[in-house]
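Asker: Under this note's numbering, the final residue of the sequence shown carries the number 874; numbering is consecutive throughout.
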Amino acid sequence: MHISLDKQVALVTGASSGLGYACAKGLAAAGASVVINYNSQAEPAEKLAAEIRQQGGQAIAVQGDVSSQDDVNHLIAQAVENFGGLDILVANSGLQKDAPIGEMTLQEWQKVIDVNLTGQFLTAQAALLQFRKQKGQRQVSRATGKIIHVSSVHQVIPWAGHVNYAASKGGVDLLMRSIAQEVGEEQIRVNSIAPGAIATAINAENTEGDAAKKLLELIPYGRIGAAEDVANAVVWLASDLSDYVHGTTLFIDGGMTLYPEFRGNG
Ligand code: NAD
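Structure follows, in structure tokens:
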């Protein structure tokens with residue numbers, strides 16, 4: 609089965625590293641023109657954009673902080689200016705600022721909520737306003753537009769020492785489902801993906817060496833995920849092959865959410 613995103617335009621936030629980088633690459637390989645957003649790491653984002661262009665695709669790297677409404681509007685404007693519209697948003701940017709609850713500062717709480725939750729709201733809102741503006745003008749997909757939120761298994765698994773992160777991802781779940789309920793009749797398709805343990809910069813200390821062995825106990829499928837595992841699912845969710853998938857979260861976690869501690873009869 610071949611997935612084509614030909615003539616479609618995608619914005620991927622936080623795409624200078626990890627899952628966002630792999631998603632931008634995967635969407636471009638499927639034929640989409642891609643706006644590669646980065647916050648602070650210009651070099652890998654510019655390099656990826658150049659690589660995609662060399663291979664005959666279309667891509668630009670654009671700086672922007674997803675917790676700033678002006679920056680988010682600028683990202684959408686760049687998609688429209690350079691590629692003529694927007695069809696796919698992958699709201700991927702996220703970070704962790706971990707601390708036990710008694711020691712977590714207001715700044716650590718606020719920063720994670722600003723990027724992981726407010727950033728998801730701002731990018732989704734700006735994308736859907738653009739989808740509405742261009743409705744009927746782009747015959748590139750069955751849907752008027754597609755929003756893919758990047759959540760986490762921690763939208764359902766509580767996470768001691770990470771209350772800001774878990775709260776932000778729990779928030780993403782109801783944000784996604786409420787938007788999906790609200791805009792579905794406009795044929796705007798809204799879903800989340802929830803990765804488990806995928807080896808990237810955000811969790812390097814847990815996915816390498818002895819820590820990796822411990823982590824594997826939490827993964828029934830028996831391996832740590834790769835960024836491409838997530839990118840493949842995102843490409844499918846962005847395509848018409850998943851046109852009837854709306855308001856749902858796709859867990860990409862090797863079974864981490866299956867309560868593996870109960871494998872031995874609890
Ligand atoms: P990562 O650190 O490589 O990527 C996060 C990206 O977000 C970075 O490129 C960073 O620059 C960007 N970012 C941070 N603050 C930003 C801001 N204010 N504006 C714009 N971009 C900003 O880690 P990753 O693993 O690729 O994480 C990507 C997403 O996947 C995050 O939302 C994360 O919570 C989620 N996730 C990752 C895993 C995993 O195992 N790697 C598991 C569950 C969820």
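The beta carbon of each residue, even a glycine, is placed where N, CA and C say it ideally should be.
Helix, strand or coil for Thr856? Go by DSSP, reduced to three states.
Answerer: Thr856: coil per DSSP, three-state reduction.
Asker: Quick one, are the C-beta atoms of Ala807 and Ile832 less than 7 Å apart?
Answerer: Going by C-beta atoms, Ala807 is nearer than 7 Å to Ile832.
Asker: Rounded to a whole number of angstroms, what is the C-alpha to C-alpha distance between Val680 and Lys822?
Answerer: Those two C-alpha atoms are separated by around 39 Å.
Asker: So is the beta-carbon of Asp673 under 6 Å away from any non-hydrogen atom of the ligand NAD?
Answerer: Yes.
Asker: Smallest Cα separation from Val842: which of Ala632, Asp673, Gln715, Lys615?
Answerer: Comparing Cα-Cα distances from Val842 to each of Ala632, Asp673, Gln715, Lys615, the minimum goes to Ala632.
Asker: For Ala665, which residues from the same chain have a beta carbon less than 6 Å from its beta carbon, with the 5 sequence-adjacent residues on both sides left out?
Answerer: Correcting the residue identity first, residue 665 is Gly in this sequence and not Ala. Counting only Cβ-Cβ distances below 6 Å, and skipping sequence neighbours, we find Ala636.
Asker: For a test of your reading of the model: does the CB of Thr884 fall under 6 Å from any non-hydrogen atom of the ligand NAD? Yes or no.
Answerer: With the chain running from 609 to 874 in the structure shown, residue 884 is simply not present.
Asker: Roughly how far, in whole angstroms, is the beta-carbon of Asp851 from the beta-carbon of Arg750, given that I think they are within contact range, below 8 Å?
Answerer: The Cβ separation is near 5 Å, so the contact holds.
Asker: Using a threshold of 7 Å, state whether the C-beta atoms of Ile755 and Ala732 are closer than that.
Answerer: Yes, they are a contact pair.
Asker: Suppose contacts are defined by Cβ-Cβ distances below 7 Å. Is Thr856 in contact with Gln795 by that definition?
Answerer: Cβ atoms of Thr856 and Gln795: not closer than 7 Å.
Asker: For His610, does the count of other Cβ atoms within 10 angstroms reach 16, so buried, or fall short, so exposed?
Answerer: So His610 counts as exposed.
Asker: Can you tell me whether DSSP reads His682 as helix, strand or coil?
Answerer: The answer is helix: DSSP assigns His682 an H, G or I state.
Asker: Tell me the residue span of the alpha helix (DSSP H) that contains Gln671.
Answerer: Gln671 -> not in any alpha helix (DSSP H); beta strand (DSSP E) instead, spanning 667-671.
Asker: Provide the residue span of the alpha helix (DSSP H) that contains Ser786, from first to last.
Answerer: First-last of the alpha helix (DSSP H) with Ser786: 771-791.
Asker: If you draw a straight line from the alpha carbon of Ala768 to that of Gly804, how long is it in whole angstroms?
Answerer: Those two C-alpha atoms are separated by around 16 Å.
Asker: On the CB-based measure, 16 or more other CB atoms within 10 Å of its CB, does Tyr867 come out buried or exposed?
Answerer: By the 10 Å Cβ count, Tyr867 comes out exposed.
Asker: Using DSSP with H/G/I as helix, E/B as strand and the rest coil, what is Val643?
Answerer: Residue state, collapsed to three classes: strand.
Asker: Can you give me the C-alpha to C-alpha distance between Gly872 and Val791, rounded to a whole angstrom?
Answerer: Going by the C-alpha atoms only, they are around 44 Å apart.
Asker: In this structure, does DSSP put Ser850 in helix, strand or coil?
Answerer: In this structure, Ser850 counts as helix in the three-state DSSP scheme.
Asker: Measuring straight from C-alpha to C-alpha, what distance separates Leu845 and Asn772?
Answerer: Going from the Cα of Leu845 to the Cα of Asn772 covers about 28 Å.
Asker: Within the same chain, show all residues whose beta-carbon is closer than 8 Å to that of Leu619, passing over the 5 residues directly before and after it, in chain order.
Answerer: If we look at Leu619 and ignore the five residues flanking it on each side, its Cβ neighbours are Val642, Val643, Asn645, Leu683, Ile684, Ala687, Leu694, Ile696, Leu697, Val698, Thr731, Ala735.
Asker: Counting only runs that start and end within the region 676-747, where is the alpha helix (DSSP H) found for 4 or more residues in a row?
Answerer: Within the region 676-747, the complete alpha helix (DSSP H) runs of at least 4 residues are 677-691, 714-721, 727-741.
Asker: Can you tell me which of Asn840, Ser675, Ile810 puts its alpha carbon nearest to the alpha carbon of Lys719?
Answerer: Answer by Cα proximity: Ser675.
Asker: Do Ala819 and the ligand NAD come close, with the Cβ less than 6 Å from some heavy atom?
Answerer: Not under cutoff, so the answer is no.
Asker: When you compare the CB positions of Gln616 and Ala653, do they come within less than 7 Å of one another, or not?
Answerer: Going by C-beta atoms, Gln616 is not nearer than 7 Å to Ala653.
Asker: Ser625: beta carbon under 6 Å from a heavy atom of the ligand NAD?
Answerer: Answer for Ser625: yes, Cβ within range of the ligand NAD.
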